[in-house]
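K.L.:
Each residue of the first sequence is one higher than the one before, counting from 1 in this note's numbering.
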Amino acid sequence: MARAGRITTAHSSFETPIFMPVGTQGTVKSVHQHELKNDIDAPVILGNTYHLYLRPGTDVISEVGGLHKFMNWNRSILTDSGGYQVFSLSDNRKLTGEGASFRSHIDGSKHLFTPENVVDIQRIIGADIIMAFDECTPWPCDQSYASSSLDLTHHWLDRGWDHFRNSEPKYGYSQSFFPIVQGSIFPELRKISAEKIALLGAEGNAIGGLSVGEPVEDMYNMIEVVNVILPADKPRYLMGVGTPVNILESIERGVDMFDCVMPTRNGRNGMLFTSNGIINIRNRKWMKDFSPIDEPGHSIVDMQYSKAYLRHLIMAGELLGGQIATMHNLAFYLWLVREAFNQIMKDEFMPWKAKMVKELSMRL
RNA sequence: GGGGAGAUACCAAAGUGGCCAACUGGGGCAGACUGUAAAUCUGCUGUCGUACGACUUCGGAGGUUCGAAUCCUUCUCUCCCCA
1 MARAGRITTA HSSFETPIFM PVGTQGTVKS VHQHELKNDI DAPVILGNTY
51 HLYLRPGTDV ISEVGGLHKF MNWNRSILTD SGGYQVFSLS DNRKLTGEGA
101 SFRSHIDGSK HLFTPENVVD IQRIIGADII MAFDECTPWP CDQSYASSSL
151 DLTHHWLDRG WDHFRNSEPK YGYSQSFFPI VQGSIFPELR KISAEKIALL
201 GAEGNAIGGL SVGEPVEDMY NMIEVVNVIL PADKPRYLMG VGTPVNILES
251 IERGVDMFDC VMPTRNGRNG MLFTSNGIIN IRNRKWMKDF SPIDEPGHSI
301 VDMQYSKAYL RHLIMAGELL GGQIATMHNL AFYLWLVREA FNQIMKDEFM
351 PWKAKMVKEL SMRL
């Protein structure tokens with residue numbers, strides 16, 4: 001069931017449901033922190049442990065006093081643990097009881113991530129929310145693989161959780177630790193995982209291993225299975241999701257936090273999400289459409305530039321094109337979750353959502 | 001006036017007797033993208049057809065050959081060098 005809430009960290013306080021732009025390498029690609037704050041008004045963004053550990057490295061981030069200072073971002077940061085890279089860079093890694101040994105995609109050098117040192121790295125980064133080190137299970141996978149993968153993730157979770165509680169923040173403000181439910185698309189496994197995680201009493205809980213290629217219905221089913229178990233008084237974070245429709249469907253099922261590369265990456269590739277539907281701005285039909293990118297518009301770019309101009313920029317490979325598209329998409333995503341909050345507060349979420357889902361999936 | 005090089009699809013450019021409806025790049029058209037190795041990747045791009053395929057193409061005209069973008073004749077045009 002859809003809920004509205006509030007999360008407060010050392011760096012910001014914000015209402016949920018919330019969408020968190022992905023800023024893997026200490027930047028939300030193509031937008032300034034200034035725009036992220038003043039135009040898009042994102043209260044929290046992501047960083048990535050794997051990428052920041054490899055480059056610029058923990059010595060740099062440690063010396064400057066954390067990622068907030070390094071990138072000049074004084075709102076919240078959540079760091080992914082590198083569990084997703086265990087999945088997406090799987091050709092370069094090996095999983096052991098100890099952790100994940102892997103080769104850098106940058107220079108081939110060998111490294112080992114353990115549930116403990118991944119917490120340490122996130123302490124150094126200074127993330128407001130630290131994610132547990134997990135294996136993001138690939139899809140498809142059979143139940144026996146999913147089961148042993150889950151055992152590994154749980155084993156890592158126990159160690160990471162212990163280490164988190166026995167270590168101190170480096171910069172004088174508190175950090176939270178979110179465990180991650182896995183179990184692929186098997187309800188029994190998801191249940192086991194959610195029950196284990198509910199018992200930890202963490203400040204928030206995440207659902208991982210979804211939107212990796214499985215049918216959306218499976219994803220929604222898993223969310224339902226898990227959310228009856230995860231504590232109702234703690235935020236629930238669905239990792240890596242998703243399309244605007246995915247987000248509304250998940251909010252309906254009791255999810256509070258989201259992140260996804262879609263608004264940024266797809267935006268750079270010419271895909272715009274609007275309240276009227278999805279636009280591929282590269283399509284010829286926009287060539288002479290001089291109407292605003294999106295009316296009424298949730299970002300300053302929406303009313304200031306036309307579809308035809310944005311199409312021209314993207315077609316010409318101009319950097320400003322990716323920038324405008326990203327700003328539009330992020331502002332739209334943030335508007336969407338803000339509006340979801342408003343509708344929940346008015347107790348009108350369900351009819352609003354039904355109407356939105358219809359429009360959001362249109363191809364314009 | 002003399003000498004030389006060349007004309008290939010939207011553009012550039014390979015191909016110099018059959019494996020050519022024609023390499024490759026660009027451009028164009030469309031698609032993909034879900035805790036970012038992505039401002040990336042994929043497909044199509046003569047006509048008709050879903051496809052097997054059929055048909056018309058390599059400056060124009062004619063010829064040689066079983067077979068020509070490729071060889072010959074001729075015409076037109078372009079570029080370079082010397083005067």
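For each residue, glycine too, the CB sits at the ideal point set by N, CA and C.
Check each candidate in M345, M271, K353 and name the one with the smallest Cα separation from T326.
P.N.:
When each option's Cα is compared against that of T326, the closest is M271.
K.L.:
Taking all protein chains shown into account, decide if E249 is buried (16 or more other Cβ within 10 angstroms of its Cβ) or exposed.
P.N.:
Classification of E249: buried, given that the 10 Å Cβ count is 16 or more.
K.L.:
So, is V228 buried or exposed, given that buried needs 16 or more other C-beta atoms within 10 angstroms?
P.N.:
Burial call: exposed.
K.L.:
Using the DSSP secondary-structure output, state which residues sit across from P21 in a beta bridge.
P.N.:
Note: P21 sits in a beta bridge opposite C260.
K.L.:
Do I408 and R253 have their C-beta atoms within less than 8 Å of each other?
P.N.:
Because the chain here runs from 1 to 364, residue 408 falls outside it and cannot be looked at.
K.L.:
For the pair the stretch 114-125 and the stretch 167-175, tell me if three or more CB-CB distances fall below 8 Å.
P.N.:
The stretch 114-125, when compared against the stretch 167-175, does touch it at the 8 Å Cβ threshold.
K.L.:
Where does the unbroken beta strand (DSSP E) through V60 begin, and where does it stop?
P.N.:
Element bounds for V60: not the beta strand (DSSP E) but the alpha helix (DSSP H), 58-64.
K.L.:
Which value, in whole angstroms, describes the spacing of the CA atoms of L67 and W73?
P.N.:
So the alpha carbons of these two residues sit roughly 8 Å apart.
K.L.:
Going straight from the alpha carbon of A100 to that of Q25, what length do you get?
P.N.:
Straight-line Cα distance between these residues: approximately 21 Å.
K.L.:
Which same chain residues end up closer than 7 Å to Q85 when comparing Cβ atoms and leaving out the 5 residues on each side of it in sequence?
P.N.:
Closer than 7 Å at the Cβ level, and outside the excluded window around Q85, lie Y50.
K.L.:
What residues match up with G5 in a beta bridge as DSSP calls it?
P.N.:
The partner list for G5 (beta bridge, DSSP) reads T16.
K.L.:
For M71, which three-state DSSP category applies?
P.N.:
Helix.
K.L.:
Specify whether the stretch 304-321 and the stretch 233-242 touch according to this definition: at least 3 beta carbon pairs, one from each stretch, less than 8 Å apart.
P.N.:
Because the criterion of three Cβ pairs below 8 Å is not met, the stretch 304-321 and the stretch 233-242 do not touch.
K.L.:
Would I18 pass as a contact of V44 if the rule is Cβ separation under 8 Å?
P.N.:
Cβ distance < 8 Å, so I18 and V44 count as in contact.
K.L.:
Measuring CA to CA, which of S12, R363, H328, L150 is closest to K191?
P.N.:
With distances taken between Cα atoms, K191 lies closest to L150.
K.L.:
Roughly how many whole angstroms lie between the Cα atoms of V22 and I130?
P.N.:
Computed Cα separation, rounded: 15 Å.
K.L.:
Find the nearest neighbour of H32 within the set V118, I324, A146, judged by alpha-carbon distance.
P.N.:
Closest option to H32, Cα to Cα, is I324.
K.L.:
Buried or exposed for R75, going by 16 or more other Cβ atoms inside 10 Å?
P.N.:
Buried.
K.L.:
With a 10 Å radius around its C-beta and 16 neighbouring C-beta atoms as the bar for buried, classify D91 as buried or exposed.
P.N.:
Flag for D91 reads exposed.
K.L.:
Can you give, in chain order, each stretch of the alpha helix (DSSP H) that sits fully within the stretch 329-363 and has at least 4 residues?
P.N.:
Segments of the alpha helix (DSSP H) lying fully in the stretch 329-363: 349-360.
K.L.:
Quick check on the burial criterion: 16 or more other C-beta atoms within 10 angstroms. Buried or exposed for Q143?
P.N.:
Classification of Q143: exposed, given that the 10 Å Cβ count is below 16.
K.L.:
Just to confirm the assignment, what range does the alpha helix (DSSP H) spanning D80 have?
P.N.:
First-last for D80: 76-80, but that is the beta strand (DSSP E), not the alpha helix (DSSP H).
K.L.:
Work out the CA separation of D218 and G160 for me, nearest whole Å.
P.N.:
Distance between the alpha carbons of G160 and D218: 29 Å.
K.L.:
Could you name the residues of the same chain whose beta carbon sits closer than 8 Å to that of M20, not counting the 5 residues immediately before and after it, in chain order?
P.N.:
Taken in chain order, the residues that qualify are A42, V44, I45, L46, L78, M257, F258, D259.
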